[in-house]
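What follows is one structure encoded as structure tokens, with my remarks underneath.
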Amino acid sequence: MERLQEALKRAREMREDARPPGASVPPPGDARPPLTAKTAQGAPTDVQARWDSVEEFSPTPRIMRKNRVVSFFGGPEASSFDIMRTKFVQQAKAKGAKRIVVTSPGPGCGKTTTTANLAFSLARQGDLRTIVVDIDLRRPNFGAVLGVQRAQQFSSALAQDADPMDHMSRIGANLIVGTNAVPVSNPSELIQSHSAQEVLAELERHFEPDFVLFDAPPVLTSDDTIGFLEHCDAALIVAAAEQSSIEELDVTEAEVASVSTVLGVVLNKCRYTTTNYDYY
Ligand SMILES: Nc1ncnc2c1ncn2[C@@H]1O[C@H](COP(=O)(O)OP(=O)(O)O)[C@@H](O)[C@H]1O
Ligand SMILES: [Mg+2]
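In terms of my numbering, the sequence shown has 191 at position 184, counting the first letter as 1, and numbering is strictly consecutive.
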């Protein structure tokens, strides 16, 4: 973590140096929390050691089942998400996409549920490392869906007000989640800020993930996602059957495609499906 924290510190110092003459300088006692506090004892020597240094969290099967995170369990019930994973990996690799936003036309379509299922499906593939960041800062829910106990507020790490290590958890060897316990008052400004971009870039350099998934806000309710998409490689759109209209989906796809690449559309909450292709 030393490298990550040092880089963030350097970035802040550079910003302070670039401050125009006469601009107010924060008093010395007002410094932000030291980002190196937790990891001063020794730099990890390789990528897995860096991952291992993130505090571990083990979701409980009861909460996973209650919140429909079926791919946590693997096996036949996870098969639809495993198929999605395979297509996702193929598409993402073909397009060179690493940062992928999961969004939807409106709220409640299943973005968080889909992101969690995709993340666990990816994590069962041991050679892939995935980081999930909750950027739905008006309705953060990813931590609650997983049952994260620690009072994580990754938004404060994005604002460089806190050590990222205090606001993310590792699940198993190859999945890290940066979650939020409460909404923030300036979501759009924060996720599009230079500060947040610095933190995300440094996280990628430090942890070398194959994918960074963002559990993002809906497209049609604010400009948060469209603004953030500029900094990402692609988006996955989750539409809910009997909830999202064709028109809403069309507008969402067009908006996303105007700034990024649509990796695919997931039709969620489908009550009527054919079983013709079910192997199990
Ligand atoms: N495939 C599904 N079938 C039934 N309910 C679902 C499905 N996917 C999600 N849900 C439920 O719909 C609600 C909204 O899902 P959520 O993932 O929180 O949506 P979003 O993040 O898009 O707001 C939750 O109660 C969730 O458990
Ligand atoms: Mg959500």
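From the three backbone atoms N, C-alpha and C, an ideal C-beta is built for every residue, glycine too.
Should residue i and residue j be called a contact, given that it needs their Cβ atoms to be closer than 7 Å?
i                 : j                 : result
alanine 126       : valine 140        : no
serine 111        : lysine 118        : yes
asparagine 187    : phenylalanine 214 : no
valine 206        : arginine 106      : no
glycine 150       : isoleucine 70     : no
valine 108        : cysteine 277      : no
glutamate 84      : valine 76         : no
leucine 11        : glutamate 262     : no
threonine 137     : proline 216       : yes
leucine 270       : leucine 243       : yes
alanine 241       : lysine 102        : yes
phenylalanine 131 : glycine 82        : It should be pointed out that residue 131 corresponds to arginine in this sequence rather than to phenylalanine. In this structure, glycine 82 does not lie closer than 7 Å to arginine 131 by Cβ.
How many angstroms separate the CA atom of residue i from the CA atom of residue j?
i             : j                : result
arginine 145  : phenylalanine 79 : 26 Å
lysine 272    : valine 245       : Checking the sequence, you will find valine at residue 272 rather than lysine. Rounded to whole angstroms, valine 272 to valine 245 spans 6 Å at the Cα level.
leucine 274   : serine 195       : 27 Å
aspartate 143 : alanine 223      : 5 Å
alanine 44    : isoleucine 198   : Here the model assigns alanine 44 a pLDDT of 32, short of 50, so the residue's position is not dependable, and the following value carries that caveat. Taking the straight line from one Cα to the other gives about 25 Å.
glutamine 98  : proline 190      : 32 Å
proline 114   : alanine 248      : 13 Å
threonine 232 : asparagine 124   : 21 Å
arginine 212  : proline 225      : 28 Å
lysine 94     : phenylalanine 88 : 10 Å
aspartate 53  : leucine 135      : 16 Å
glutamate 13  : alanine 104      : 27 Å
asparagine 74 : glutamate 20     : 43 Å
proline 51    : arginine 92      : In this prediction, proline 51 scores a pLDDT of 46, lower than 50, which makes its location untrustworthy; the coordinate-derived value is nonetheless stated afterwards. One C-alpha to the other measures close to 30 Å.
valine 184    : glutamate 237    : 22 Å
tryptophan 58 : isoleucine 178   : 10 Å
List the DSSP bridge partners of residue i.
i               : result
asparagine 275  : Ala247
glycine 185     : Val140 and Met175
phenylalanine 4 : Outside the displayed span of the chain (8 to 287) sits residue 4, for which this structure offers no information.
valine 258      : Answer is none; valine 258 lacks a bridge partner.
valine 269      : Ala242
Assuming residue i and residue j make a contact with CB atoms under 8 Å, what is their CB distance in whole Å?
i              : j              : result
cysteine 116   : serine 267     : Contact doesn't hold; Cβ gap of about 18 Å is too wide.
glutamine 159  : methionine 175 : 7 Å
asparagine 193 : glycine 133    : Not a contact, Cβ separation roughly 39 Å.
glutamine 167  : leucine 15     : 6 Å
valine 152     : threonine 120  : 7 Å
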